[in-house]
Every structure is written in C-alpha cells, then in structure tokens.
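Written out below as structure tokens is the structure these notes cover.
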Amino acid sequence: MSTPTTRMRGLPSKGWGALAALDLHEAIGPGEGEVMPPRVRNAPVVERDEHQPVGRPMPARRLFDALRVPMATVDPLTETLGKFAHFPDDWIQKLVVRLAPEPWGERDTWLEYYCHANFGHALRQERLLHDPEGRFVLWRVGSLETTDGRAIHGYFVRNSRRYGPPYFLVGFVTLDDGILRFQNHDRTVMGIRIATPPTSPKHVIPAYRDLHTMPSVNWQHILETRIDRIRARLPNLPDKALRWLITAAVADAHKSSDRRAVPGWFDGEYQWMLPLHITQENVSAAPDFVAPVRLADDGEGYTIPTLLEPWMAYPLARAIAPDNRGIASWATTID
198 MSTPTTRMRG LPSKGWGALA ALDLHEAIGP GEGEVMPPRV RNAPVVERDE
248 HQPVGRPMPA RRLFDALRVP MATVDPLTET LGKFAHFPDD WIQKLVVRLA
298 PEPWGERDTW LEYYCHANFG HALRQERLLH DPEGRFVLWR VGSLETTDGR
348 AIHGYFVRNS RRYGPPYFLV GFVTLDDGIL RFQNHDRTVM GIRIATPPTS
398 PKHVIPAYRD LHTMPSVNWQ HILETRIDRI RARLPNLPDK ALRWLITAAV
448 ADAHKSSDRR AVPGWFDGEY QWMLPLHITQ ENVSAAPDFV APVRLADDGE
498 GYTIPTLLEP WMAYPLARAI APDNRGIASW ATTID
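Take 198 as the starting number for the sequence shown in the working numbering and just add one per residue.
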C-alpha cells in the first residue's frame, strides 16, 4: 500500500501528490470556482501598531502546488488568507502545538489547508472582528480549540509597510476571560475586553439526495488511470471482478448515505464523499476507498469521478468538520 504510517501530528503526504494534480483534474476537468467574497464591514466590536512583518505572504496557489491538493482549479475562497495578511515563517507550528494531537499531514500542511478554507468562509460570512480604531482584527480559527477546550483566535495587526497585504498575523490567542492583551507601539500592553468574540463560520451543505439511481462511475479513470491504486488494495482480481466489488460498495454506501456520506470542501464547493467498505463489514472502520460524489451537470443524478485512498480524502472532510470524529480512521494506515 502507498498509504502512510500514522504519526503523532501528521502523515507523510507523498500519496496525496499522486491523487491531485492529475486525479480529479483528469477525471472531471476544470471545475467552477466561487466568486471572491465581498469586503468585510467593520463589525460592531469593542474596541496600530508598529509591528514589522518578518514573514511572507502564503498564497493558496503555492500551498496547493506544494500539496498537490485535488482541485481542478484553485478555489478563490481559499486564496483570501494569503491576500489578507503576512505570516511569520513558523505560524502553523505555533498553532499546532496548542492543539490536541491530531493528524495534520506532513509539516502540518493539512492544518494549513484547514486555515485557508475556514478563513475564506469567515471572511465571506463577515465573521471577522475588526477593531473600530483599526488596531487589530480577530478571527475564530474554525472550530479549533486548545487541549483544555479554549477557543483559538487568529490575531492580526495592521501591516505598517506600504506594500503587501494590509495585515500581519501576530499569532494565536485564547481571549482568556474575554480579554485581548494588546501591545501598543511603545511596547506597553493594555487589556482590551472583547464583548462579543468572533464566531466560527456556518456551513450550509446541500442535502445528499437519494435520486433512486446509482451514481455513475468513471470506470476509465478508476480502472485505467488509477488502476495501481485499486490493485494495491484489491490485488489479483480481474477488472470485471473489481467493477462488481466497487459497484456493490457504492450501492451500499449510496443507500445508507443518510448515515455514512461525509461532506468535504474541494474544487470551490461543498461535495459529498462516500466511504466504501469492500474487504470488511465494519462500516465504522477505515474504508478501503472514499468516493467523491458530484451532482451531474444535468442535476439528474450523481457521478463518481475517481476513488481516493481514505487519507487523501481526510483533509478535505476535516476542512469543514467541527472535529475529526467519524473520519479519524481515514487518516490511518490500512493494514
């Protein structure tokens, strides 16, 4: 198997590269990205700094190119964080050390994807908290919490340089007792009470509709382009047998979609994913494959463009999930 071995905070991502740039792109062609979100209005809040940015912008394209995320096009929604702020080079490490242990990919790149996606949704839904005096911005980082259950917020100050993004990411804070410890330009620290902290974005996910017909499967892509992936899990079987097994697993998952379908964020939209169990009956265990499900162009059914190894689908589902319950097994090696 090409699946990686579970580590304390992440998994090697080499197999994700095999999936992405070619996989969904070849299987479905270019997708439609979303329009850029509107500018955020200054939210009514409670309440400039001479911080010099020492990092560099983190555009989504660079992130996606490095990870080879399975997107046919770079989603404009996830580009907004890199356009909003400069980052210290170690920003993601400063965040991950505050979280309970969870798989976040090699070099915590799945967490980076999570942050990009959630910031885009927060910006579009006007959930950033802007200080009326222009000193700072606070962002509720998805649903992430510290190991002791405190909400984590991204803390931005104005970029004092004349070029580049308007803000600089100072770090991550917990607003203990509702107080933000704000450092003035003279290095004095003042406590600012945040009466109404920013909240997490809401994900309104289209219902998985049972249209009384089986999803159509892109057999050419699955049994030709990605046959090595399939045979790694189901060796020594002819193509006809593979087709029967996969068809039966898709039918079973589709029929139980109200209990087993998992939403994810990729290719600029919410999409459902079906965990497929072929070699075992325990549907709570790690699936053999995960099938991304797209609504057909005519709206009259679903299509399955490819089959992913579970750990490939994990970061796409985790990006919009409140926690990793129900998908934790996707990030582990299948023995």
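Ideal placement from N, C-alpha and C gives every residue a C-beta, glycine not left out.
Worksheet item: In whole angstroms, what is the alpha-carbon distance linking His409 and Ile376?
Response: For the purposes of this step, residue 409 is taken as residue 212 along the sequence shown, with counting starting at 1. For the purposes of this step, residue 376 is taken as residue 179 along the sequence shown, with counting starting at 1. His409 and Ile376 have their C-alpha atoms spaced approximately 53 Å apart.
Worksheet item: How many angstroms separate the CA atom of Tyr467 from the CA atom of Glu323?
Response: Indexing the sequence shown from 1 puts residue 467 at position 270. Indexing the sequence shown from 1 puts residue 323 at position 126. Going from the Cα of Tyr467 to the Cα of Glu323 covers about 19 Å.
Item to complete: Put Pro512 into one of helix, strand or coil per three-state DSSP.
Response: The residue you call residue 512 lines up with position 315 of the sequence shown. DSSP places Pro512 in helix when its eight states are reduced to three.
Practice prompt. Could you check what DSSP says for Arg457 in three-state terms: helix, strand or coil?
Written response: The residue you call residue 457 lines up with position 260 of the sequence shown. If DSSP states are grouped into helix, strand and coil, Arg457 belongs with the helices.
Practice prompt. Would you tell me roughly how many angstroms separate the C-alpha atoms of Lys291 and Pro512, rounded to the nearest one?
Written response: Counting from one through the sequence shown, the residue named residue 291 turns up at place 94. Counting from one through the sequence shown, the residue named residue 512 turns up at place 315. Whole-angstrom Cα-Cα distance: 20 Å.
Discussion item. Let's test the definition: count the other Cβ atoms within 10 Å of the Cβ of Gly346 and tell me whether it reaches 16, buried, or not, exposed.
Written reply: By 1-based counting over the sequence shown, the position of residue 346 is 149. That one is exposed.
Practice prompt. Tell whether a beta-carbon distance below 8 Å holds between Leu326 and Pro395.
Written response: Translated into the one-based positions of the sequence shown, residue 326 becomes position 129. Translated into the one-based positions of the sequence shown, residue 395 becomes position 198. Closer than 8 Å, so yes.
Worksheet item: Taking three-plus beta-carbon pairs below 8 Å as touching, is the region 409-429 in contact with the region 357-371?
Response: The answer is no - the region 357-371 does not touch the region 409-429, with fewer than three Cβ pairs under 8 Å.
Practice prompt. Specify whether the region 495-502 and the region 397-417 touch according to this definition: at least 3 beta carbon pairs, one from each stretch, less than 8 Å apart.
Written response: Yes: the two stretches touch, three or more of their Cβ pairs being nearer than 8 Å.
Fill in: Limits of the unbroken beta strand (DSSP E) element including Leu504
Counting from 1 along the sequence shown, the entry for residue 504 is found at position 307. Segment: none, Leu504 is in no beta strand (DSSP E) and carries neither H nor E.
Fill in: Cβ-Cβ separation, Pro398 to Asn315 (assumed contact under 8 Å), whole Å
As a working mapping, residue 315 is identified with position 118 in the sequence shown. As a working mapping, residue 398 is identified with position 201 in the sequence shown. Indeed they touch by this definition, with Cβ atoms about 6 Å apart.
Discussion item. Buried or exposed, going by whether 16 or more other CB atoms sit within 10 Å of the CB of Tyr311?
Written reply: As a first step, residue 311 must be located in the sequence shown, where it is residue number 114. Counting of Cβ neighbours within 10 angstroms places Tyr311 among the buried residues, the total reaching 16 or more.
Worksheet item: What residue range is occupied by the uninterrupted beta strand (DSSP E) comprising Ala429?
Response: What you label residue 429 is simply residue 232 of the sequence shown in a count that begins at 1. Ala429 -> not in any beta strand (DSSP E); alpha helix (DSSP H) instead, spanning 424-430.
Discussion item. Quick check on Tyr405: does DSSP put it in helix, strand or coil?
Written reply: Translated into the one-based positions of the sequence shown, residue 405 becomes position 208. Here Tyr405 sits in coil by DSSP.
Worksheet item: What residues match up with Val386 in a beta bridge as DSSP calls it?
Response: For the purposes of this step, residue 386 is identified with residue 189 of the sequence shown, where counting begins at 1. Per DSSP, Gln380.
Practice prompt. For His418, write down the residues that DSSP places opposite it in a beta bridge.
Written response: The residue you call residue 418 lines up with position 221 of the sequence shown. Answer is none; His418 lacks a bridge partner.
Discussion item. Beta-carbon within less than 6 Å of Leu278's beta-carbon, same chain only, minus the 5 sequence neighbours each way: which residues are those?
Written reply: Here residue 278 is taken as the residue at index 81 of the sequence shown, counted from 1. Taken in chain order, the residues that qualify are His313, Phe316.
Worksheet item: For Leu505 versus Val490, is the C-beta spacing smaller than 8 Å?
Response: Along the sequence shown, read from residue 1 onward, the residue named residue 505 stands at position 308. Along the sequence shown, read from residue 1 onward, the residue named residue 490 stands at position 293. The answer is no: Cβ separation not under 8 Å.
Worksheet item: Since Arg295 and Phe369 are thought to touch, with beta carbons under 8 Å apart, how far apart are those beta carbons, to the nearest angstrom?
Response: For the purposes of this step, residue 295 is taken as residue 98 along the sequence shown, with counting starting at 1. For the purposes of this step, residue 369 is taken as residue 172 along the sequence shown, with counting starting at 1. Yes, Arg295 and Phe369 are in contact; Cβ-Cβ is about 6 Å, under 8 Å.
Worksheet item: Assuming Gly465 contacts Leu274 under a Cβ cut-off of 8 Å, what Cβ separation, rounded to an integer in Å, is found between them?
Response: In the sequence shown, counting from the first residue as 1, residue 465 sits at position 268. In the sequence shown, counting from the first residue as 1, residue 274 sits at position 77. With a Cβ gap of about 7 Å, Gly465 and Leu274 count as contacting.
Practice prompt. Count the other CB atoms, across all protein chains shown, that sit within 10 Å of the CB of Ala445; report buried if there are 16 or more and exposed otherwise.
Written response: One-based indexing of the sequence shown puts residue 445 at position 248. It counts as exposed.
Discussion item. Tell me the rounded alpha-carbon separation between His400 and Trp301.
Written reply: Within the sequence shown, the letter at position 203 stands for residue 400. Within the sequence shown, the letter at position 104 stands for residue 301. If you take the alpha carbons of His400 and Trp301, they lie about 21 Å apart.
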